[in-house]
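Trainee:
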Amino acid sequence: MIAVPLATAASQLKDPQAAVAELARKLDDSLGGRQRLGGVLFFCSADYPLPALGQALADAFGEVAVSGCTTAGEITPEGYARGSITAIGLARSDFALAQVLIDDLSGFDLPRAQALSDELLARCREQAVAPVMGNSFALTLLDGLSSSEEQVLATLDAALGSIPAFGGSAGDDNRLAHTYVYADGVFHDQAAVVVVINTRLPFEVISTHHLTPLADKLVVTAVDRDSRRVLELNAEPAAEEYARLAGVAPEALEEAVFARCPLAVRIGEAHYVRSIQRVNADASLSFYCAVETGIVLTAMQATPILAQLEQRLAEVEARLGPPALTIGCDCFLRRMEIEALGLEAEASRLLRHHRVIGFNTYGEQHHGMHINQTFTGVVIGQRRLAADGTGGQDGA
1 MIAVPLATAA
11 SQLKDPQAAV
21 AELARKLDDS
31 LGGRQRLGGV
41 LFFCSADYPL
51 PALGQALADA
61 FGEVAVSGCT
71 TAGEITPEGY
81 ARGSITAIGL
91 ARSDFALAQV
101 LIDDLSGFDL
111 PRAQALSDEL
121 LARCREQAVA
131 PVMGNSFALT
141 LLDGLSSSEE
151 QVLATLDAAL
161 GSIPAFGGSA
171 GDDNRLAHTY
181 VYADGVFHDQ
191 AAVVVVINTR
201 LPFEVISTHH
211 LTPLADKLVV
221 TAVDRDSRRV
231 LELNAEPAAE
241 EYARLAGVAP
251 EALEEAVFAR
261 CPLAVRIGEA
271 HYVRSIQRVN
281 ADASLSFYCA
291 VETGIVLTAM
301 QATPILAQLE
311 QRLAEVEARL
321 GPPALTIGCD
331 CFLRRMEIEA
341 LGLEAEASRL
351 LRHHRVIGFN
361 TYGEQHHGMH
371 INQTFTGVVI
381 GQRRLAADGT
391 GGQDGA
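Letter 226 of the sequence shown, counting from 1, is numbered 226 in the working numbering, and no numbers are missing.
Have a look at this one:
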């Protein structure tokens, strides 16, 4: 059997033990045996009984490091899915993993972040398959309803330094009730998992979206910062002013409108989307990202969503060669747009072609920033590096 550096698997089985057994069997068969498995990443529907699923994962994979989270939809080897679990198995010959759980998000400061970063990098060096610097990236998975993403990500990014980082906020099948990350055999809320992955394969971390700015602007004139609620836009009730811009009645505001008429903040020459989560009874708007008083929000319009993603992935693959895998964190609002346009089958074909495995998120993470309505991830190439080679790359 030809040794492969990684494997992918998915299961639609609803029984947690049966689903995990199917994943384990597929990963073992693809890699050529459990002894070659160095780590597992997984993404699962929140419909599973999570305590039982967590125990099944711990029992099935034993001492192998396993990290994951709940989703707002899964990206499997066959494309988009719901109500499933999808997984990536990384061969110990080509990947070294170190993971850590952050279970006190509100108290996560720079000294803790630096100690965590030092611990992760030291553990990676103990088992490294390539020089750690230049050949490692970080994956962050956070409770998508914790409202702590900005603080944690900015602090962690400062500690990681030149290590490129990306990730996604866990979902719960669009219920907006409870989201979880998984580490140490247990699902956790109000927590984050950080995984540093060292590899002999070339890679590039990316973040991209299909939105372009319009001339319309909204100024945030009153907020409840702690709850991420915008009370006023342009000194008017937030829901009413946004509805005017979107061209709908305030009572017609819903997720489909938020996906179709996004808002973004400009930083430098780039626009970063700040997606609306819901309308509240007091005509305020809850956002997925933190929004401050005085920020100018720019109305955005969509370009063809799949053509843009295809172009971005093709650009990266022109540099790296055919992908061994792309780990993708794809905003659930993008998936809603794709579904509204009737493009699910075409999207799944594109994701299969580029070997994307991942999940639909409640927010994406890139270089310490919490963003929305993006596709963020890492493209991993197939060619192995020389012992002293460099291959870690980071793209905008």
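The C-beta atom is built at its ideal place from N, Cα and C for all residues, glycine as well.
All values reported here derive from a predicted model rather than from experimental measurement.
Taking C-beta to C-beta, are L333 and A259 nearer than 8 Å?
Mentor: By 1-based counting over the sequence shown, the position of residue 333 is 333. By 1-based counting over the sequence shown, the position of residue 259 is 259. It is a contact, given that the beta carbons lie within the stated cut-off.
Trainee: Taking its Cβ as the centre, do 16 or more other Cβ atoms sit within 10 Å of H210, making it buried, or is it exposed?
Mentor: To locate residue 210, count along the sequence shown from 1; it is residue 210. So H210 counts as buried.
Trainee: Terminal residues of the continuous beta strand (DSSP E) containing E364?
Mentor: Residue 364 sits at position 364 when you count from the first residue of the sequence shown. Note, E364: beta strand (DSSP E), E364 to H366.
Trainee: Give the C-beta separation of L160 and A128 to the nearest angstrom, bearing in mind that I take them to be a contact with Cβ-Cβ under 8 Å.
Mentor: Start at 1 with the first residue of the sequence shown, and residue 160 comes out as number 160. Start at 1 with the first residue of the sequence shown, and residue 128 comes out as number 128. With 8 Å as the limit, L160 and A128 do not qualify as a contact, their Cβ atoms being about 16 Å apart.
Trainee: With 16 other CB atoms within 10 Å as the buried threshold, where does H353 fall?
Mentor: Taking the sequence shown and counting its residues from 1, the one referred to as residue 353 is at position 353. Result: exposed.
Trainee: Between the C-alpha atoms of G389 and P77, what's the straight-line distance to the nearest angstrom?
Mentor: Taking the sequence shown and counting its residues from 1, the one referred to as residue 389 is at position 389. Taking the sequence shown and counting its residues from 1, the one referred to as residue 77 is at position 77. Low per-residue confidence applies at G389: pLDDT is 49, beneath 50, and the placement is therefore not dependable, though the value from the model is reported in the following sentence. If I take the Cα positions, the gap works out to 30 Å.
Trainee: Decide if V296 is buried, meaning its Cβ has at least 16 other Cβ atoms within 10 Å, or exposed.
Mentor: Translated into positions along the sequence shown, residue 296 becomes position 296. Looking at its Cβ environment, which holds fewer than 16 other Cβ atoms inside 10 Å, V296 is exposed.
Trainee: With DSSP as the reference, identify every bridge partner of S45, one or two as the case may be.
Mentor: By 1-based counting over the sequence shown, the position of residue 45 is 45. Its beta-bridge partners are T71.
Trainee: So which of R92, E149 and A340 has the shortest CA-CA distance to I102?
Mentor: The sequence position of residue 102 within the sequence shown is 102, counting from 1. Nearest option by C-alpha distance: E149.
Trainee: In chain order, what are the residue ranges of uninterrupted alpha helix (DSSP H) at least 4 long that sit wholly in the region 255-322?
Mentor: Runs found: 255-260 and 305-320.
Trainee: Following the continuous beta strand (DSSP E) through R229, name the residue where it begins and the one where it ends.
Mentor: Residue numbering aside, residue 229 sits at position 229 when the sequence shown is read from its first letter. Unbroken beta strand (DSSP E) run through R229: R229 to L233.
Trainee: Measuring straight from C-alpha to C-alpha, what distance separates Q277 and R266?
Mentor: Counting from 1 along the sequence shown, the entry for residue 277 is found at position 277. Counting from 1 along the sequence shown, the entry for residue 266 is found at position 266. Taking the straight line joining both Cα atoms gives about 20 Å.
Trainee: Under a three-way DSSP split, which group does M133 fall into?
Mentor: Here residue 133 corresponds to residue number 133 of the sequence shown, with the count starting at 1. DSSP places M133 in coil when its eight states are reduced to three.
Trainee: Take L341 as the anchor and find which of P202, Q382 and A302 has the nearest alpha-carbon.
Mentor: What you label residue 341 is simply residue 341 of the sequence shown in a count that begins at 1. When only C-alpha atoms are compared, the closest one is A302.
Trainee: For P401, count neighbouring Cβ atoms within 10 angstroms of its own Cβ and tell me buried if that reaches 16, exposed if not.
Mentor: Lying outside 1 to 396, the shown extent of the chain, residue 401 is not represented and no answer is given.
Trainee: What does DSSP give as the partner residues of N360 in its beta bridges?
Mentor: Your numbering for residue 360 matches position 360 in the sequence shown. D330.
Trainee: Tell me whether the region 87-96 and the region 172-184 touch, counting them as touching only if at least three CB pairs, one residue from each stretch, are closer than 8 Å.
Mentor: Because the criterion of three Cβ pairs below 8 Å is not met, the region 87-96 and the region 172-184 do not touch.
Trainee: What residue range does the alpha helix (DSSP H) around K26 cover?
Mentor: Your numbering for residue 26 matches position 26 in the sequence shown. From DSSP, the alpha helix (DSSP H) with K26 extends over P16 to L31.
Trainee: Output the boundary residues of the beta strand (DSSP E) element that contains P213.
Mentor: Taking the sequence shown and counting its residues from 1, one reaches residue 213 at position 213. It spans L211 to D224 - the beta strand (DSSP E) in which P213 sits, taken as one unbroken run.
Trainee: When DSSP builds the beta bridges, which residues end up paired with N198?
Mentor: Stepping through the sequence shown from its first residue, residue 198 is reached at position 198. N198 is bridged to A96 and S136.
Trainee: For T398, which of helix, strand or coil comes out of DSSP?
Mentor: With the chain represented from 1 up to 396, any question about residue 398 goes unanswered, as that position is not in the structure.
Trainee: Check whether the Cβ atoms of T212 and M300 sit closer than 8 Å, and answer yes or no.
Mentor: In the sequence shown, the residue the question calls residue 212 occupies position 212. In the sequence shown, the residue the question calls residue 300 occupies position 300. Contact flag set, yes.
Trainee: Tell me the residue span of the alpha helix (DSSP H) that contains S117.
Mentor: Looking up residue 117 in the sequence shown gives position 117. Start and end: L110 to Q127.
Trainee: Name the one or two DSSP bridge partners that F187 has.
Mentor: On the sequence shown, residue 187 is found 187 positions in, with the first residue counted as 1. In DSSP, F187 forms a bridge with Y182.
Trainee: Could you check what DSSP says for G389 in three-state terms: helix, strand or coil?
Mentor: Numbered from its first residue, the sequence shown carries residue 389 at position 389. No answer about G389 holds up, because its pLDDT of 49 lies below 50 and its placement is not dependable.
Trainee: Could you tell me if D157 is buried or exposed, where buried requires 16 or more neighbouring beta carbons within 10 angstroms of its beta carbon?
Mentor: Taking the sequence shown and counting its residues from 1, one reaches residue 157 at position 157. D157 should be labelled buried.
Trainee: Measure how close the beta-carbons of Q373 and C331 come, nearest whole angstrom, since I'm counting them as under 8 Å.
Mentor: Translated into the one-based positions of the sequence shown, residue 373 becomes position 373. Translated into the one-based positions of the sequence shown, residue 331 becomes position 331. 5 Å between Cβ atoms; contact.
Trainee: Should M1 go down as buried or exposed, given a rule of 16 or more other Cβ atoms within 10 Å for buried?
Mentor: To locate residue 1, count along the sequence shown from 1; it is residue 1. Bear in mind that the predicted position of M1 carries a pLDDT of just 41, short of 50, making it unreliable; the figure below should be weighed with that in mind. By the neighbour-count rule (16 or more Cβ atoms within 10 Å), M1 is not buried but exposed.
Trainee: List the endpoints of the continuous alpha helix (DSSP H) containing V152.
Mentor: Along the sequence shown, one-based indexing puts residue 152 at 152. Start and end: E149 to L160.
Trainee: Between which two residues does the alpha helix (DSSP H) containing A252 stretch?
Mentor: Indexing the sequence shown from 1 puts residue 252 at position 252. Unbroken run through A252: none, as it is neither H nor E.
Trainee: Is it the case that the Cβ atoms of T71 and I357 are separated by a distance below 8 Å?
Mentor: Walking along the sequence shown from the start, residue 71 turns up at place 71. Walking along the sequence shown from the start, residue 357 turns up at place 357. It is not a contact, given that the beta carbons lie outside the stated cut-off.
Trainee: Got a sec? Which residues, its chain only, sit under 8 Å from H188 by beta carbon, not counting five neighbours each side?
Mentor: One-based indexing of the sequence shown puts residue 188 at position 188. These residues qualify, in order along the chain: L101, D103, D143, Y180, V181 and Y182.
Trainee: Please return the same chain residues whose Cβ sits closer than 8 Å to the Cβ of F287, not counting the five positions on each side in sequence.
Mentor: Indexing the sequence shown from 1 puts residue 287 at position 287. Closer than 8 Å at the Cβ level, and outside the excluded window around F287, lie R228, R229, V230, R274, S275, I276 and Q277.
Trainee: From C69 to V193, what distance separates their C-alpha atoms?
Mentor: To locate residue 69, count along the sequence shown from 1; it is residue 69. To locate residue 193, count along the sequence shown from 1; it is residue 193. Roughly 9 Å separates the two Cα atoms.
Trainee: Can you tell me whether DSSP reads H370 as helix, strand or coil?
Mentor: As a position in the sequence shown, residue 370 is number 370, starting the count at 1. Correct three-state label for H370: strand.
Trainee: Name the residue from G171, A96 and G328 whose alpha carbon lies nearest to the alpha carbon of V205.
Mentor: Taking the first residue of the sequence shown as position 1, residue 205 is located at position 205. Here the closest residue by C-alpha is G328.
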